[in-house]
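In what follows, a structure is listed as structure tokens, so that the remarks can point back to it.
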Ligand code: DX5
Ligand code: ZN
């Protein structure tokens, strides 16, 4: 984690692309991370799945630890999206591994405020995520206790799924619900074709897995998405 790092604070609320390493080539993971960071990316999204909360099993704290120094040395943050049951049991482990932002699913937390406090006590920024069909009220009472919220635009579990457009109005409502200093992230099916649908919602952080790492040139794909974000912000 980056202890009380002003860079981490700024990254929460500014326009940021967060490439998901879930779609990266793990044989060359360090190189794949470098490619997008050299292109200007500062938020690396890590999709943690346990085969229980979601059907897939993916990345754990060892991978976070393996890329932590590289990401931090380049001025970036590790944004860990925990798609796991009982996330409380793993918060300290991910924080020690180098996570800067830890994001839990409201659907997986029995005592959400307690979990969020645990994340902050571990020195990380606290995020809460909801699935496409979960109503916004699930996070409403926690809105003052989070650093960012994540609206899923696919059902969690896999990269490369289609963007669920019916979530778009909920993202806009989330922006009006959240205090101004709280970031708003969108995750699932974001590409150069779909990002234009979510930019007007007020979201500022866009996760992209297959659109970046599934492209023949991930750096060019990341740049194209960041240019779309910059163009929108200049026109807004
Ligand atoms: C889905 C993950 C996403 C996913 C994004 O469960 O949380 O971060 O990897 O991949 P794309 O951008 O391909 O939908
Ligand atoms: Zn994710």
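In this note's numbering, the protein residues as written are 1161 to 1396. From the three backbone atoms N, C-alpha and C, an ideal C-beta is built for every residue, glycine too.
Tell me which same chain residues have a C-beta within less than 7 angstroms of the C-beta of residue i, skipping the five on either side of it?
{"i": "residue 1343", "result": "1172, 1173, 1307, 1308, 1364 and 1365"}
{"i": "residue 1328", "result": "1357, 1358 and 1361"}
{"i": "residue 1338", "result": "1303, 1309 and 1344"}
If you compare alpha carbons, which of the options is closest to residue i?
{"i": "residue 1243", "options": "1368, 1228 and 1262", "result": "1262"}
{"i": "residue 1355", "options": "1169, 1194, 1385 and 1377", "result": "1385"}
{"i": "residue 1319", "options": "1349, 1395, 1282 and 1227", "result": "1349"}
{"i": "residue 1370", "options": "1182, 1175 and 1176", "result": "1182"}
{"i": "residue 1340", "options": "1304, 1367 and 1218", "result": "1304"}
{"i": "residue 1223", "options": "1378, 1257 and 1353", "result": "1257"}
{"i": "residue 1239", "options": "1387, 1264 and 1394", "result": "1264"}
{"i": "residue 1200", "options": "1383, 1226, 1317 and 1215", "result": "1383"}
Applying the criterion that 16 or more other CB atoms from any shown protein chain within 10 Å of the CB defines a buried residue, is residue i buried or exposed?
{"i": "residue 1212", "result": "exposed"}
{"i": "residue 1336", "result": "exposed"}
{"i": "residue 1190", "result": "exposed"}
{"i": "residue 1187", "result": "exposed"}
{"i": "residue 1271", "result": "exposed"}
{"i": "residue 1291", "result": "buried"}
{"i": "residue 1293", "result": "exposed"}
{"i": "residue 1347", "result": "buried"}
{"i": "residue 1378", "result": "buried"}
Can you tell me which of the three DSSP states residue i falls into?
{"i": "residue 1308", "result": "strand"}
{"i": "residue 1257", "result": "helix"}
{"i": "residue 1350", "result": "coil"}
{"i": "residue 1265", "result": "strand"}
{"i": "residue 1334", "result": "helix"}
{"i": "residue 1372", "result": "helix"}
{"i": "residue 1323", "result": "coil"}
{"i": "residue 1314", "result": "coil"}
Apart from the five residues just before and just after residue i, which ones in its own chain have a Cβ nearer than 8 angstroms to its Cβ?
{"i": "residue 1333", "result": "1296"}
Among residues of its own chain, excluding the 5 on either side of residue i, which ones have a beta-carbon nearer than 6 angstroms to its beta-carbon?
{"i": "residue 1351", "result": "1371"}
{"i": "residue 1164", "result": "Only weak support exists for where residue 1164 lies, its pLDDT of 47 falling under 50; the coordinates are left without a value."}
{"i": "residue 1234", "result": "1197"}
Note to self: As a quick check of your reading: which residues have a C-beta less than 5 angstroms from at least one non-hydrogen atom of the ligand ZN, in chain order?
What the structure shows: 1207, 1241 and 1347
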